[in-house]
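Under numbering that gives the first Met the number 0, the first residue of the sequence shown is numbered 0, with each subsequent residue one higher. C-beta atoms are modelled at their ideal positions from N, C-alpha and C, and glycine is treated no differently. In this text the structure is predicted, and so the values were computed from the model without any measurement. The block underneath contains the structure these notes are about, expressed in structure tokens.
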Amino acid sequence: MSKWVLQLITIGLTMVFCGLTPGQSIQWDEPTGQAVLVSGRLELVVQTKDGINAHRLRDTQTGRVYADGDYLWPGGTFPQLWSKPVIKTLPEGGKAIILNGKLADLLISQQFTIPQGKPGVILEKITITNPGTSLLDTSRFACGFARRLTDDAEALRSQFCYIPFRRYHSLVRDFTPADMIPAAAGTVWGSEGWAWSQGQNTLLITKYNNDDMEWSLLEVVKPENEKAALRFGGCGLWGRGDPERAASLKPGQAFTFGITRFEVLDGDWKDAFYAHRAFMDGQGHALPNDYNPPVHWNELYDNEYYFKVTAGAFQQPSFVKETQKKYYTLDHMKAEAAKASELGCECLYLDPGWDTGPSHFVWDEARLGTQRDFIKMLRQEYGIQHLGLWCALAHTPPGYTDPKPYSVDVARLDENGNVITFLWQAGSPDQHEAQPVICSYSPAFHDVKLKQMLKLCEDGAKFLMFDGSQYTGPCYDSSHGHSIPLTRHEHVMGYYGILAEVMRQYPETLIELHDPVLGPSSERYTPIYFCHARPATFELWGYEYMWGPMGNLLSGDSTMLYYTNLAYNIPIYLHINLKDDNANALVFWWNASLCRHLGVGGKHPDENVWQAHKDAMQTYLRLKPFFTQGEFYGLDEMIHVHTLKEKNAAVINCFNLAETPETKTFTFNLSQMGLSANAKYEIKGASSFKQDGDQMEVKVELAGRDAAVLEVKSGK
Ligand SMILES: [Zn+2]
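Set out below in structure tokens:
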């Protein structure tokens, strides 16, 4: 069917159904003051007689009721309608009803949208406005749907699952509404999304806000003399007080919270993860086209420089210089390039030490020759095509960025206008020095960093890591152009501005952005997708699980990588210490399977393990498109499927963390893994397999602490 025919049909449907598809409708009944929205099997009822009250949300197919209590607004009353509800057809397709009301000092606009062609989906959006003449504190504003809890055993046993962090480090965090009731009043659970499951019925509740950091919130509220109710959907501040821009409103000012997206589906928490991922793909938080990042070798693990400077006086320029001259020379880098080449890596990544001083970002020609010559050397002598560079931003103490190369205007000022300093107590007491702490948003810092990064790209850098990205703290310097004091939001947007400009001028560059609020750590604060695809993209940091990856795997901590892949297609970057691996290349394969941009480093002293890594890398490079571009499915935490639909083929990684051998037998539906059910398949690497139509049973033998790579191909 040609494109214009499809367009005509679409136009026809739009005309017939006024922006909706069959099974979707919005009905407003003025005499009763009731609006009923139907999106496939999801039905929402809003009563307006006593004020705006979205009091019923249910699945008409199964009868499961999600909301059955009065909508929870601050103050326990409803916003009083001040105009007739408006129903409008949206330019992007779909229809919305907009309810405008007044609640105490605030104007409230609540919009419910039925997106065209998405049966089972309803969107909620809330705007608050200060119509008064004085500043309003809105930091405690929170609202949402209500589900009465106490008399419904089934609802009490329903399950909430965090998206994406079902496991945060090793902890599995599923919980029930019954688990929430004993929590102290005011306890709020926040997550990018929730899978709320009751048997095989799941409501996916996703918060989406790419302008301000915001999460989907849950709370159990216990109004006086009333039974406990679960609050969900709606909006509110959470975490460190984000979205910050909603915390107060000047006269006339408005704030629109991010949408809450409700989607009903048949399936469990994992199906909700996949639905969340599909939605995020649709918002542009998807894999870049033809994504093929070079495999990195990181010089860090075998080079003594970093360990010397972090053990000694990291911040003393004289010590840094001396240590660089001793441990970070062209010959040292050539030795690392030789290992990278022997293993088959495609990019040499230089961690701290390549520049003229701590986070100077100026290539140290005196030690390493010019950057262009260095890349030429990598290509000609070692067959390594690319150079990657560690770029730490402002840091906060005890992380260190040398303030000396910048003007004094980079310093943070306190409320009294004094420069904030930190006393660096390294080296002998006479070397201790109080130095200014940098404001990340100061133009004197920001502009220099951008110019330096552009120069690094101009001279051929393929990859930049944005480390040291944490919020640098409140700053009261009005000449910096930020709010007084600097907000987290401005800090994040400032760094994103540098990233976006580098990507605009050098679109082939790959940038990994550490959490822009917390910086280098195993924690994640900022929503995974935040600022991604606006329009520049970036890679995610693999939660610092690089130093001791075997321990991270055995403890369950690095399952965070698995759950991130279930929820997002945004690539993760990580460079792991291979010296922590075993002769089965367990750590290598775990990270190859979960980090679409793979980095390694550290030659294992045992030649058998090194050989295992060389063999594993050959297999990895042969199958690389499956790992970098394949659709990721998790049969469980230890069985990962990477499918290339256009090839109708997949790679399956299986892991055994136990010390004893394991015979793993598992079944899956081919069609659920993106494979055609009509083909006959062979599985290389399995001890046996049996196909019965769409169903495949696989048996694989694994040694203790072992990884297997299975190749699924359709036969001729
Ligand atoms: Zn500042």
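1) Tell me whether H431, by its Cβ, gets closer than 6 Å to a heavy atom of ligand 1.
2) Which word fits T664, buried or exposed, when buried means at least 16 other C-beta atoms lie within 10 angstroms of its C-beta?
3) Would the C-beta of S477 count as close to ligand 1, meaning under 6 Å from any of its heavy atoms?
4) Where does N52 fall in DSSP's three states?
5) Between R156 and the rest of its own chain, which residues show a CB-CB distance below 6 Å, the 5 nearest in sequence each way excluded?
6) Name the two residues that bound the continuous beta strand (DSSP E) containing Q434.
7) Please report the distance separating the alpha-carbon of L709 from that of W195.
8) Just confirm the distance between the C-beta atoms of F529 and N209, as a whole number of angstroms; I'd bet it's less than 8 Å.
9) Kindly list the residues whose CB is nearer than 7 Å to the CB of Q60, restricted to its own chain and excluding five residues on each side of it in sequence; keep chain order.
10) How many whole angstroms separate the CB atoms of Y70 and N52, which I take to be in contact at a CB cut-off of 8 Å?
11) Helix, strand or coil for R57? Go by DSSP, reduced to three states.
12) Report the option in E507, E489, P515 and H488 whose CA atom is closest to the CA atom of S468.
13) Would you check if the stretch 353-360 and the stretch 447-455 touch, i.e. whether three or more CB-CB distances between them fall below 8 Å?
14) So what's N647 in DSSP terms, helix, strand or just coil?
15) Just the Cα atoms here: how many angstroms apart are K48 and R146?
16) Residue ranges of each alpha helix (DSSP H) run of no fewer than 4 residues wholly in the stretch 580-664, ordered along the chain?
17) Do you know offhand how far I8's Cα is from C653's?
18) Please identify the residue among V586, N99 and E91 whose C-alpha is closest to the C-alpha of G116.
19) Three-state secondary structure (DSSP) at F318?
20) Which of helix, strand or coil does DSSP assign to T309?
21) Return the first residue and the last residue of the alpha helix (DSSP H) that C456 is part of.
22) In the stretch 362-410, which residue ranges form an unbroken alpha helix (DSSP H) of at least 4 residues, counting only runs that do not cross its ends?
23) Quick one: what's H481 bridged to in DSSP?
24) Classify K306: buried if its beta carbon has 16 or more other beta carbons within 10 angstroms, exposed otherwise.
25) My guess is that N581 and V608 are in contact by the Cβ rule of under 8 Å, so how many angstroms apart are they, rounded?
26) For a test of your reading of the model: does the CB of Y440 fall under 6 Å from any non-hydrogen atom of ligand 1? Yes or no.
27) Does the separation of the CB atoms of E321 and P526 fall below 7 Å?
28) If we ignore side chains and look at the alpha-carbon of each, how far apart do K719 and M492 end up?
29) According to DSSP, C234 sits in a beta bridge with which residue or residues?
30) Less than 6 Å between C-beta atoms, sequence neighbours within five positions excluded: which residues of the same chain meet that for R523?
31) Report buried or exposed for Q315, applying the criterion of at least 16 other Cβ atoms within 10 angstroms of its Cβ.
32) Got a sec? Which residues, its chain only, sit under 6 Å from A410 by beta carbon, not counting five neighbours each side?
33) May I ask you to report which of helix, strand or coil DSSP gives G541?
34) Tell whether a beta-carbon distance below 7 Å holds between G673 and T642.
35) Can you tell me whether G281 is helix, strand or coil according to DSSP?
36) Got a sec, what are the start and stop residues for the beta strand (DSSP E) H295 sits in?
Once the coordinates are examined:
1) Incorrect: H431 has no Cβ contact closer than 6 Å to ligand 1.
2) Taking a 10 Å sphere around the C-beta of T664, we find fewer than 16 other C-beta atoms and assign the residue as exposed.
3) No.
4) Looking at N52 - three-state DSSP - the assignment turns out to be strand.
5) T175.
6) First-last of the beta strand (DSSP E) with Q434: E432 to P435.
7) The alpha-carbon of L709 is positioned some 34 Å away from that of W195.
8) So it is a contact: roughly 7 Å between Cβ atoms.
9) The beta carbon of Q60 sits closer than 7 Å to those of R40, all from its chain and outside the five residues before and after it, given in chain order.
10) Right, the Cβ-Cβ distance comes to about 5 Å (below 8 Å), so this counts as a contact.
11) R57 falls in the strand class under three-state DSSP.
12) The candidate whose alpha carbon is nearest that of S468 is P515.
13) Enough Cβ pairs lie closer than 8 Å, so yes.
14) Three-state result, N647: coil.
15) Going by the C-alpha atoms only, they are around 21 Å apart.
16) List check, alpha helix (DSSP H) in window: 585-593, 606-621 and 623-628.
17) Any answer about I8 is weak, because its pLDDT of 44 lies below 50 and its placement is not dependable; what the coordinates show is given next. Within the model, the alpha-carbon separation for I8 versus C653 is close to 46 Å.
18) Out of V586, N99 and E91, E91 has the C-alpha closest to the C-alpha of G116.
19) Assignment of F318 by DSSP, reduced to helix, strand and coil, places it in the helix class.
20) Three-state DSSP puts T309 in a helix.
21) Run containing C456: P442 to E457, per the alpha helix (DSSP H) assignment.
22) 364-367 and 370-381, all fully within the stretch 362-410.
23) In the DSSP output, where bridge partners are listed per residue, H481 has none listed.
24) The sequence as given places Phe at residue 306; Lys does not occur at that position. F306 sits exposed, since fewer than 16 C-beta atoms from the chains shown fall within 10 Å of its C-beta.
25) Contact between N581 and V608 holds, with the beta-carbon distance rounding to 7 Å and staying under 8 Å.
26) Relative to ligand 1, the beta carbon of Y440 is positioned inside 6 Å of a heavy atom.
27) Judged by beta-carbon spacing, P526 lies beyond the 7 Å limit of E321, meaning their Cβ atoms are not closer than that value.
28) Residue 719 cannot be examined here, being either before or after the span of the chain that is shown, 0 to 715.
29) DSSP, once it has assigned bridges, lists C142 as partnering C234.
30) Around R523: D514.
31) Here Q315 is buried. Its C-beta has 16 or more other C-beta atoms within 10 Å.
32) Cβ within range, chain order: V418 and P435.
33) In this structure, G541 counts as coil in the three-state DSSP scheme.
34) Yes, the pair counts as a contact, with Cβ atoms nearer than the cut-off.
35) Helix, per DSSP.
36) It spans H295 to N297 - the beta strand (DSSP E) in which H295 sits, taken as one unbroken run.
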